[in-house]
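>
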Amino acid sequence: MLADLGDEQGWRRPLAVSFGFVFIALFVLASGLGIPLGLAIFGLLALPTLPHLKQLVPLEYPLAIFLVFIAWAWASASWSPYVHSQQAWKMALGAPLYGLFGYAVWTLRGRGRLLALYAALASMLLILAIYAIEAITGFASHLFAEGAEREQMLRDMTRGISAMICATPAAWAFLAMLIPGWRGVMAGVLYGVLAFVIAWHFGLEAGMLAIVVAAMVFGIAWIYPRSTILATGLAAVVLFLLTPMLMPFFLSLLDVDSLPLSWAIRVENWEFAIERIIDKPLFGWGLDASRSFTEPYQIRGNVLPNISVHPHNVGLQLWLETGLIGALLFAASALALAMRVSSAWNLSRSQGAAIAACVGAYLTFCTLTYGAWQEWFWGCAAWIGALCILVGPAPERVTQK
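Per the numbering used here, the very first residue in the sequence shown carries number 658; after that it's consecutive.
Structure below.
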């Protein structure tokens, strides 16, 4: 096998990518931090050759717009009230490192690509098994922590579960590819049900909703792959650009007193963030400014800061910290990417379904749970992108005339 790889394209990239997928699976319990770490390390080890890297120039529009956004976010740090931010460096270094891993996957062909595909599916099954065992036995959390520390560890574990759920549609596509007929369908259904049960066990309501959204989008995209990918791009535009305008209406429909405490806290965070956005709508408060809004308020006997680290909504955080300009750039890059992917001539039905459903799950978490700058969440986007690349055709088919 390795000899064949050596004759075909060398063994370094296929093995580095394959070990990267396994590394991520083994360390996903660590608050999801194994994802960016694995992508960075093995992305460098799998660094494509110079001829491959030259193909990145000139930059595609989505990447070019995204780099302009990073530059704007970096500039906004100069007027941020939070002076201890390191996010600009993390963004500038993390984005290309995580992207290198995905690009290395894209350059694979033949047996090297097949090896990476099997490693990716094995890693997805391993992640599912790890969390299923933890849900049943509580082994890791009992072994490494007790009391309040164990509760915090269990909350941190939900990041890895969220990443697993975002990647679940890619696992469905892998299983459909490798297990023909109804057996592949049933294997995918079983995977999805187990992921849903794990999310329920760990109290991850957003994860349960994300699985449902992913399943619905996957089914629609299986019939209309290109249109559904474009629709998810438009959904991203709505989330990133229109949330401050639309959210007050939806919040007015809620009975906050009847919500669980964790969701009532988020509603308070969202309302406070919208008020601050109105104060500085064009340029925003500056990168990481959310960390500076620590004035306390009381809710159901608990004294909490107005915003704890981030407002638990990517669209609101983009507006709050980078203003209309940042939100426009971020939304434009997302829409340009959706247009680019949906127009690819060789997009397969299974790949289109995987991409659209992964994006649907990811946007669910963007809306309800996580912040815009979390490294593991950026890494998660690159990781599921790499998985979806393996669902599609090899690069020689992409470039053939």
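Glycine included, each C-beta is placed from N, C-alpha and C at the ideal position.
Just tell me which of T794, V895, L1047 has its CA closest to the CA of A989.
By one-based count along the sequence shown, residue 989 stands at place 332. With distances taken between Cα atoms, A989 lies closest to V895.
> Quick one: give me the first and last residue of the beta strand (DSSP E) that Q955 is part of.
In the sequence shown, counting from the first residue as 1, residue 955 sits at position 298. Per DSSP, Q955 belongs to the beta strand (DSSP E) from 953-956.
> Identify the continuous beta strand (DSSP E) that holds P962 and give its terminal residues.
Translated into the one-based positions of the sequence shown, residue 962 becomes position 305. Taken as a continuous stretch (DSSP letters only), the beta strand (DSSP E) holding P962 covers 959-962.
> If you measure between the beta carbons of A761 and R840, is that distance less than 8 Å?
As a first step, residue 761 must be located in the sequence shown, where it is residue number 104. As a first step, residue 840 must be located in the sequence shown, where it is residue number 183. Taking 8 Å as the Cβ cut-off, A761 and R840 do not qualify as a contacting pair.
> Is the separation between the beta-carbon of L1020 and that of E978 shorter than 8 Å?
If you number the sequence shown from 1, residue 1020 lands on position 363. If you number the sequence shown from 1, residue 978 lands on position 321. No, the Cβ-Cβ distance between L1020 and E978 is not below 8 Å.
> Quick check on the DSSP output: the alpha helix (DSSP H) that includes D912 runs from which residue to which?
Here residue 912 is taken as the residue at index 255 of the sequence shown, counted from 1. Per DSSP, D912 belongs to no alpha helix (DSSP H) and is neither H nor E.
> Near P905, what residues of its chain come up, given a Cβ to Cβ distance below 7 Å and the 5 sequence neighbours on each side ignored?
In the sequence shown, counting from the first residue as 1, residue 905 sits at position 248. Result list for P905: I931, in chain order.
> Please go through the segment 674-720 and give each complete alpha helix (DSSP H) segment of 4 or more residues, from N-terminal end onward.
Segments of the alpha helix (DSSP H) lying fully in the segment 674-720: 691-702, 707-711.
> So for K747, helix, strand or coil by DSSP?
For this step, residue 747 is matched to residue 90 along the sequence shown. Helix.
> Which class does N926 belong to by DSSP, given the choice of helix, strand or coil?
In the sequence shown, residue 926 corresponds to position 269, counting from 1. Here N926 sits in helix by DSSP.
> Just curious, the alpha helix (DSSP H) that W1033 is in, first and last residue?
For the purposes of this step, residue 1033 is taken as the residue at position 376 of the sequence shown. Looking at the DSSP string, the run of the alpha helix (DSSP H) that includes W1033 is 1032-1048.
> Might you give, ordered along the chain, the residues of its own chain that have their beta carbon closer than 6 Å to the beta carbon of G689, omitting 5 neighbours on each side?
In the sequence shown, counting from the first residue as 1, residue 689 sits at position 32. Closer than 6 Å at the Cβ level, and outside the excluded window around G689, lie R816, G817, A820, W1033.
> Over what stretch of residues does the alpha helix (DSSP H) that includes A856 continue unbroken?
On the sequence shown, residue 856 is found 199 positions in, with the first residue counted as 1. Note, A856: alpha helix (DSSP H), 839-858.
> Helix, strand or coil: how does DSSP classify V920 here?
Counting from 1 along the sequence shown, the entry for residue 920 is found at position 263. This sequence places Trp at residue 920; Val is not what is there. Note: W920 maps to helix in three-state DSSP.
> Just to confirm the assignment, what range does the alpha helix (DSSP H) spanning A734 have?
Taking the first residue of the sequence shown as position 1, residue 734 is located at position 77. Run containing A734: none; DSSP gives neither H nor E here.
> Could you tell me which uninterrupted alpha helix (DSSP H) segments, each at least 4 residues in length, are contained entirely in the segment 989-1030, listed from first to last along the chain?
List check, alpha helix (DSSP H) in window: 1006-1025.
> Just confirm the distance between the C-beta atoms of F875 and A991, as a whole number of angstroms; I'd bet it's less than 8 Å.
Walking along the sequence shown from the start, residue 875 turns up at place 218. Walking along the sequence shown from the start, residue 991 turns up at place 334. F875 to A991, Cβ: 20 Å. No contact.
> Whole-angstrom Cβ separation of H1039 and G759, contact assumed at under 8 Å?
Along the sequence shown, read from residue 1 onward, the residue named residue 1039 stands at position 382. Along the sequence shown, read from residue 1 onward, the residue named residue 759 stands at position 102. Reading the sequence as shown, one finds Ala at residue 1039 and not His. Rounded, the Cβ-Cβ distance is 5 Å, consistent with contact.
> Specify the secondary structure class of D945 as computed by DSSP and reduced to three states.
Position 288 of the sequence shown, counted from the first residue, corresponds to residue 945. In this structure, D945 counts as coil in the three-state DSSP scheme.
> Measure the alpha-carbon distance for R1054 versus A863 and round it to whole angstroms.
As a working mapping, residue 1054 is identified with position 397 in the sequence shown. As a working mapping, residue 863 is identified with position 206 in the sequence shown. Low per-residue confidence applies at R1054: pLDDT is 41, beneath 50, and the placement is therefore not dependable, though the value from the model is reported in the following sentence. R1054 and A863: Cα-Cα distance of roughly 38 Å.
> Which residue's Cα is closest to the Cα of R948: F940, L961, R957, P938?
Within the sequence shown, residue 948 is the residue found at index 291, counting from 1. Considering only alpha carbons, the answer is L961.
> Rounded to the nearest angstrom, what separates L770 and S965 at their Cα positions?
Along the sequence shown, read from residue 1 onward, the residue named residue 770 stands at position 113. Along the sequence shown, read from residue 1 onward, the residue named residue 965 stands at position 308. Rather than Leu, the amino acid found at residue 770 in this sequence is Arg. Distance between the alpha carbons of R770 and S965: 42 Å.
> Decide if the segment 674-685 is in contact with the segment 779-787; the criterion is three or more beta carbon pairs, one per stretch, under 8 Å apart.
Verdict: yes, contact present.
> With a threshold of 6 Å on Cβ separation, who are the neighbours of V674 within its own chain once the five nearest residues in sequence on each side are excluded?
What you label residue 674 is simply residue 17 of the sequence shown in a count that begins at 1. A703, A761, V762, A773.
> Rounded C-beta distance between C1015 and I982? I'm assuming under 8 Å.
Counting from one through the sequence shown, the residue named residue 1015 turns up at place 358. Counting from one through the sequence shown, the residue named residue 982 turns up at place 325. 28 Å between Cβ atoms; not a contact.
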